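Quick notes on the structure that follows.
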Amino acid sequence: MSEQHGKPTPSPRIGLFFCECGPNMGNAIRLDDLAAQEAWPEAAVVQRHAFLCAPDGKAKLAEQVRTQGLDRVVIGGCSPHEHEATFRQVLADAGLNPFLLQMTNLREQCEWQGDDDGQATVRARGLVRGALWRAAQQEAVETRTVEASADVVVIGGGMAGLSAALTLAQKNRRVALVERSAALGGLLARLDEVFPSMKCASCFLEPAINQVLDHPQIDVLRESRVVSVKGFHGQFTVEVESAAPAVDPSRCMGAGECAAACPVSFPDPLDEGVGQRKAIGMAYSGSLPHVSHVDPVHCGRCNGAGCDGPCVQACPMNAIDFQRAPVNRTLTCGAVVVATGMETLPVPAVPGVISCVQLERMLHPQGPTSGKVTVPGGGVPRRVVLAPSSEMPARDTDLARRELTKLAVRLLDVCEGVELQLAGDCHQATLAAPMIEQLRAAGVAFSSGALDPATLVPTDNGVSYRRAGKLASTGTADLVVLWTGTRPSSTVGELARDLHVRTTAEGFLEADVDLLVPTGTRVPGIYVVGAALGPRPLGDVVRDGTAAAGRILSTRLPGERLELEPLAARVIPERCGACGVCVTACPYGAIRTLADGKCRVEPAHCRGCGTCAAACPSLAIACPQFEYRQVSAEISGLLAMEGTTRSH
Ligand SMILES: Cc1cc2nc3c(=O)[nH]c(=O)nc-3n(C[C@H](O)[C@H](O)[C@H](O)COP(=O)(O)OP(=O)(O)OC[C@H]3O[C@@H](n4cnc5c(N)ncnc54)[C@H](O)[C@@H]3O)c2cc1C
1 MSEQHGKPTP
11 SPRIGLFFCE
21 CGPNMGNAIR
31 LDDLAAQEAW
41 PEAAVVQRHA
51 FLCAPDGKAK
61 LAEQVRTQGL
71 DRVVIGGCSP
81 HEHEATFRQV
91 LADAGLNPFL
101 LQMTNLREQC
111 EWQGDDDGQA
121 TVRARGLVRG
131 ALWRAAQQEA
141 VETRTVEASA
151 DVVVIGGGMA
161 GLSAALTLAQ
171 KNRRVALVER
181 SAALGGLLAR
191 LDEVFPSMKC
201 ASCFLEPAIN
211 QVLDHPQIDV
221 LRESRVVSVK
231 GFHGQFTVEV
241 ESAAPAVDPS
251 RCMGAGECAA
261 ACPVSFPDPL
271 DEGVGQRKAI
281 GMAYSGSLPH
291 VSHVDPVHCG
301 RCNGAGCDGP
311 CVQACPMNAI
321 DFQRAPVNRT
331 LTCGAVVVAT
341 GMETLPVPAV
351 PGVISCVQLE
361 RMLHPQGPTS
371 GKVTVPGGGV
381 PRRVVLAPSS
391 EMPARDTDLA
401 RRELTKLAVR
411 LLDVCEGVEL
421 QLAGDCHQAT
431 LAAPMIEQLR
441 AAGVAFSSGA
451 LDPATLVPTD
461 NGVSYRRAGK
471 LASTGTADLV
481 VLWTGTRPSS
491 TVGELARDLH
501 VRTTAEGFLE
511 ADVDLLVPTG
521 TRVPGIYVVG
531 AALGPRPLGD
541 VVRDGTAAAG
551 RILSTRLPGE
561 RLELEPLAAR
571 VIPERCGACG
581 VCVTACPYGA
591 IRTLADGKCR
601 VEPAHCRGCG
611 TCAAACPSLA
621 IACPQFEYRQ
631 VSAEISGLLA
641 MEGTTRSH
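If you count the sequence shown from 1, position 496 lands on 496 in my numbering, and the numbers rise without skipping.
Now the structure itself:
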């Protein structure tokens, strides 16, 4: 019998196993001394093995557990990071609760510290004694499961969200795709040709959108926003609000009669103001789905400006009705994929200075200028400078170089005899060698340095500019094309707070550092893909979308119950002082404050890291396997002098 706070408890039967880790152990540590049975009165069995993690080692361990009636196992060997899961499985297979295992890392912490005159063996003894004393205090931990959904909500209908949704739906998963705008496609829908293939963007975007729209497993919720996300991995509840559908998509044929009748016209935000649009009409020429939508901010009928709605009479399909109400939905799902993308920063309002998006729209055959590039006042540009802005965030550099190089190639195509200057070290753009070669052959000048937007001044025949950097210079051009920079989607801050997903200093969403779960976040079941993570080319965006979908497909199986973290922390309500320190300390957003002010750990979000317990000033948080008596038993064992016996 041993004593625990004065109360006798039955002595556990502990098996102590030393792993030699092949040739890795036994040089600094004197294994013969360390692994002697008589050295460990706390242990019922002491054994050593050349490779405990090898099949015969595992079989031996299981056999000892069964035949010796062991009810605790201590292993002195490698790091628990490497093989704790392996040995827990051995215990489970041998019929013992897997949490009655204690591993101590003699390899990294003693052996690999070098031969220091017997000190490695002394340290190893301390660690093993600590593990044995702690093992005596360990308790079985049961793993709980809860019902889980295999459905997925994807937020954002750009290329990243489309790829995730399609990959999931192709494997029969139900997907709700929530898109805040009226059309799908995101940034890609604005582009004409895309590097590195120089294929037309719509050639692969349109088939992808059509597949999504036609897929019976995908519900597309356009003009919609996520109001809240509650719950946890396997059991999320997502509230979605969709704008009042003034245009009935099942009736609208996209004929455009409504737009022709609409009296309101304003600069088209999609073109960054190159063209004009009406308050009702298609999102852009050829947009999908091929139906009109109303811009409630500019529509005179919606904003109370007194318009009597000539579009309603003009529509031959009777598809327009302003009396409809917004629609609220509650979706349940097992995982959420955030694909909210990025936005571009505006260019300074200087005539003759345009953004890359504006030039893309001009180059687009279905854009506002039908593919013609012109300078202010009309006419074809003769001298064009393409450059990054000196205020561009460093994270944009490669995408900016690739895009500016691509646009230079396009300008050579459409503006005969144009003189081009490409600043910002675009010759260093990745995967752009063929384009750079083509530009060099055409005599395009490459230079370093970015353009300072404050120095862009309109002149009689164009714009004057100043190139920053070591070889600073000034010049004039009749068109300046500027990559200003990117920023996260404007709605992402609110979404990040709701989802408990971390953001970078610039506000982009942050994926977890775990390389084995690409696009996963610190919150299980929530994935971030595409440009929501920061500026990146399309290839990466598509890879992100499919990676997240692949992960969900392999971890959230229909009908499979969700296994909760067995070591999840628990708040002891009688002790909780409702200070909320744990809520902010938890790196996984797993703790919430209840209506009575007390805190509660959501077991499905908790990863058992123990940060909350360490932060709690009232000692009101219990962590299985890391309870006070368990940790102090280990410390006592570590600190006990040679020959001391257990006092717990
Ligand atoms: C000017 C320019 C040219 C480029 N040219 C190329 C090129 O030639 N080749 C290449 O490989 N890459 C290029 N890129 C990069 C490429 O366009 C992007 O990486 C890609 O389009 C990003 O896709 P995405 O789906 O991650 O984001 P986005 O395309 O930004 O899509 C995000 C979607 O989410 C929606 N959304 C945002 N917030 C919410 C919310 N809260 N709720 C619901 N929906 C929301 C948005 O409306 C949008 O539809 C270019 C980028 C720019 C800026």
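In this text, a Cβ means the ideal position worked out from N, Cα and C, and glycines have one as well.
The model shown is predicted, which means the values in this text are computed figures rather than measured ones.
- Message: Would the stretch 549–556 count as touching the stretch 613–625 if we require 3 or more Cβ pairs under 8 Å?
- Response: no
- Item | Near ligand 1: A620 beta-carbon under 7 Å from a heavy atom | Outside the cutoff, so no.
- At a cut-off of 7 Å, is S242 close to ligand 1 when judged by its beta-carbon and the heavy atoms of the ligand? no
- Compute the minimum distance between the beta carbon of I155 and the heavy atoms of ligand 1, and state whether it is under 7 Å. yes
- Message: Which of the three DSSP states is assigned to G15 in this structure?
- Response: strand
- Query: Where Q659 and D56 are concerned, what is the direct C-alpha to C-alpha distance, given to the nearest angstrom?
  - Reply: Residue numbering for the chain in the displayed model covers 1 to 648; residue 659 lies beyond these limits and cannot be assessed.
- Query: Is the stretch 214–231 touching the stretch 379–391 in the sense that three or more CB pairs, one from each, lie closer than 8 Å?
  - Reply: Segments in contact, no.
- Message: If contacts are defined as beta-carbon pairs under 8 Å, then C110 and C21 qualify, I think. What distance do you get, rounded to the angstrom?
- Response: Cβ atoms of C110 and C21 stay farther apart than 8 Å, at about 12 Å.
- Item | Assigned secondary structure, E560 (DSSP; H/G/I helix, E/B strand, else coil) | Reduced to three states, the DSSP call for E560 is coil.
- Task: Using 10 angstroms around the beta-carbon of R190, count the other beta-carbons present and answer buried if the total reaches 16, otherwise exposed.
- Result: R190 is buried by the Cβ-count criterion.
- DSSP on T9, reduced to helix/strand/coil? With a pLDDT of 44 at T9, under the threshold of 50, the modelled position of that residue is not reliable, and the figure given next carries that caveat. Judged by DSSP in its simplified three-state form, T9 adopts strand.
- How far does the alpha helix (DSSP H) with F236 in it reach, from first residue to last? Run containing F236: none in the alpha helix (DSSP H); it sits in the beta strand (DSSP E), Q235 to S242.
- Task: Provide the residue span of the alpha helix (DSSP H) that contains F204, from first to last.
- Result: A201 to D214
- What do you reckon, are the CB atoms on P12 and R72 nearer than 8 Å? yes
- Whole beta strand (DSSP E) elements within the stretch 413–489, 3-residue minimum: Complete beta strand (DSSP E) runs here, min 3: 419–422, 457–459, 462–467, 473–477, 479–483 and 486–488.
- Work out the CA separation of K470 and A259 for me, nearest whole Å. 52 Å
- Message: Please return the same chain residues whose Cβ sits closer than 8 Å to the Cβ of N210, not counting the five positions on each side in sequence.
- Response: L288
- Message: I'd like to know whether the C-beta atoms of V480 and V385 end up nearer to each other than 8 Å.
- Response: The answer is yes: Cβ separation under 8 Å.
- Message: Between T374 and ligand 1, is there a pair consisting of the residue's CB and a ligand heavy atom that are separated by less than 7 Å?
- Response: Relative to the non-hydrogen atoms of ligand 1, the Cβ of T374 never comes closer than 7 Å to any of them.
- Query: How would you call L411, buried or exposed, if buried means at least 16 neighbouring beta carbons within 10 angstroms?
  - Reply: buried
- Message: Given this structure, state the Cα-to-Cα distance separating V45 from Q89, to the nearest angstrom.
- Response: Distance between the alpha carbons of V45 and Q89 is about 20 Å.
- Comparing the CB of V652 with every heavy atom of ligand 1, is any distance shorter than 7 Å? Limits of the chain in this structure are 1 at one end and 648 at the other, which puts residue 652 out of reach.
- Query: What's the C-alpha gap between T611 and C302?
  - Reply: Looking at the two C-alpha atoms, the distance is approximately 50 Å.
- Query: Quick one: what does DSSP say E108 is sitting in, helix, strand or coil?
  - Reply: helix
- Whole-number beta carbon distance between L562 and H233, since they are thought to touch under 8 Å: 7 Å
- Can you tell me which of the three DSSP states Q276 falls into? In this structure, DSSP gives Q276 an extended state, which the three-state scheme calls strand.
- Helix, strand or coil at S656 [DSSP, three-state]: Nothing can be reported for residue 656: it is not among the residues displayed for the chain, which extend from 1 to 648.
- Query: Among the residues of its own chain, which have a CB less than 8 Å from the CB of A532, if the five just before and after it don't count?
  - Reply: G156, A160, V338, A339, T340, G341, M342, P488, S489, V492, F508 and L509
- Item | Same chain only: Cβ atoms within 6 Å of T369, ignoring 5 sequence neighbours per side | Same-chain partners within the cutoff: M362.
- Of the residues G76, D596 and C53, which one's Cα is nearest the Cα of A35? Each of G76, D596 and C53 was checked against the Cα of A35, and the nearest Cα belongs to G76.
- Message: Check for me: the alpha helix (DSSP H) holding G57 runs from which residue to which?
- Response: Element bounds for G57: P55 to T67.
- Task: Just the C-alpha distance for T9 and R575, rounded to the nearest angstrom, thanks.
- Result: Any answer about T9 is weak, because its pLDDT of 44 lies below 50 and its placement is not dependable; what the coordinates show is given next. Going by the C-alpha atoms only, they are around 26 Å apart.
- Proximal residues to R402 (C-beta, below 6 Å), its chain only, five neighbours per side dropped: F195, A429 and A432
- By Cβ distance below 8 Å, which residues in the same chain neighbour R107 in space, the five residues on each side in sequence not counted? C21, N24, M25, G77, C78 and S79
- Query: Using a Cβ-Cβ cut-off of 6 Å (strictly less than) and excluding sequence neighbours within five positions of T167, which residues of its own chain qualify?
  - Reply: The answer, listed in chain order, is T546 and A549.
- Quick one: what's got a C-beta closer than 8 Å to V583's C-beta in the same chain, skipping five residues either side? I591, R592, T593 and C599
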